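Count along the sequence shown from 1, then add 278; that gives the number in this note's numbering.
Backbone N, C-alpha and C define an ideal beta-carbon position, used for all residues, glycine too.
The structure presented is a predicted model; accordingly, all values stated were derived computationally and were not measured.
For reference, the structure is listed below as structure tokens.
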Amino acid sequence: MPVTLVFGEAEATPDEAARNVFEVDFWGAVHVSQEAVRFFRDENSPQGGRLIQNSAAVGLVTREGLAFYGAAKHALEAFTETLSKEVNSAWNIKITSVLPGGFVTDITTSGQLIPQHPAYADDSNAVALVRKMFIENASMEAMNRLGCGDPAKGVQKIYKLSKLPNPPLRVLLGRDSNYMVKEWHTQLGRETEEYAHWSDSLGFEVDK
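In structure tokens form, the structure reads like this:
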């Protein structure tokens, strides 16, 4: 049965479990998006529409134990960004990817927990600590205690997004989402600057 989230070490996650996540989180969204664009362009009157993609913060920066959930969301981010560049502006189709952080939903209890790989059982491994937190805080009550977002308030923001005349390509929802992506962006910028010179003079030498 397809699930939207699988938690487990990258090394330990079976192909079937990983593929199930991609079937829902990537291919499901892709097929809906393709049909939405066709409908907005060919059938809507007036022509146009809003495509709001349900992505996740881990679509840009993933966490331990979420290799394949994160991979599916990364793939969805790439697809959505490409689609937004391909649609003709004359079609009046606005595309936005929403990247929520933690919200109080049943995503953890309805997901699949992969048995722990023995090589990662030591608490010195970050993924072991994240696994413990994942199990201990899987219930909606525990997520609420951790300060995860209220989904009703999140939906209100998405509704507000749908009314913007010129919506952005991406919207981060949740303080944790903003924090994670800002940290990732800072690290990416630092590493890009540090190793930019490696790209100098990479062309073929031309005999004069």
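Since I believe Leu283 is in contact with Val308 (beta carbons under 8 Å), could you give me their beta-carbon distance rounded to a whole number of angstroms? Counting from 1 along the sequence shown, the entry for residue 308 is found at position 30. Counting from 1 along the sequence shown, the entry for residue 283 is found at position 5. The pair is not a contact, with the Cβ atoms about 18 Å apart (cut-off 8 Å).
Between Arg319, Leu480, Ser311, Pro396, which lies nearest to Leu329 when the distance is taken from Cα to Cα? Reading the sequence shown from its first residue, position 51 is the one you call residue 329. The option with the nearest alpha carbon to Leu329 is Ser311.
Extent of the continuous beta strand (DSSP E) to which Gln331 belongs: As a first step, residue 331 is located in the sequence shown; it is residue number 53 there, counting from the start. It spans 327-332 - the beta strand (DSSP E) in which Gln331 sits, taken as one unbroken run.
Taking only the alpha-carbon atoms, compute the straight-line gap between Phe378 and Ala335 and give it to the nearest angstrom. Taking the first residue of the sequence shown as 1, we reach residue 378 at position 100. Taking the first residue of the sequence shown as 1, we reach residue 335 at position 57. Checking the displayed sequence, the identity of residue 378 turns out to be Pro instead of Phe. Taking the straight line joining both Cα atoms gives about 6 Å.
Which residues bound the alpha helix (DSSP H) around Ile436? Translated into the one-based positions of the sequence shown, residue 436 becomes position 158. Its alpha helix (DSSP H) spans residues 429-440.
Counting only runs that start and end within the segment 356-382, where is the alpha helix (DSSP H) found for 4 or more residues in a row? none
What residue does the beta strand (DSSP E) around Leu451 start on, and which one ends it? By 1-based counting over the sequence shown, the position of residue 451 is 173. Where Leu451 is concerned, the enclosing beta strand (DSSP E) stretches over 448-451.
Through-space distance from Asp485 to Thr264, alpha-carbon basis: In this structure the chain extends from 279 to 486, so residue 264 is not present and cannot be described.
For the candidate residues Gly348, Phe482, Phe318, Leu450, whose alpha-carbon lies nearest to that of Gly427? The sequence position of residue 427 within the sequence shown is 149, counting from 1. With distances taken between Cα atoms, Gly427 lies closest to Leu450.
Which first and last residues belong to the alpha helix (DSSP H) in which Val315 is found? As a position in the sequence shown, residue 315 is number 37, starting the count at 1. Here the alpha helix (DSSP H) through Val315 covers 307-320.
One question on the structure: do Asn370 and Gly326 come within less than 7 Å of each other, judged by their Cβ atoms? As a first step, residue 370 must be located in the sequence shown, where it is residue number 92. As a first step, residue 326 must be located in the sequence shown, where it is residue number 48. Cβ atoms of Asn370 and Gly326: closer than 7 Å.
Tell me whether Leu354 sits in a helix, a strand or coil according to DSSP, three-state version. Here residue 354 refers to the residue found at position 76 of the sequence shown. If DSSP states are grouped into helix, strand and coil, Leu354 belongs with the helices.
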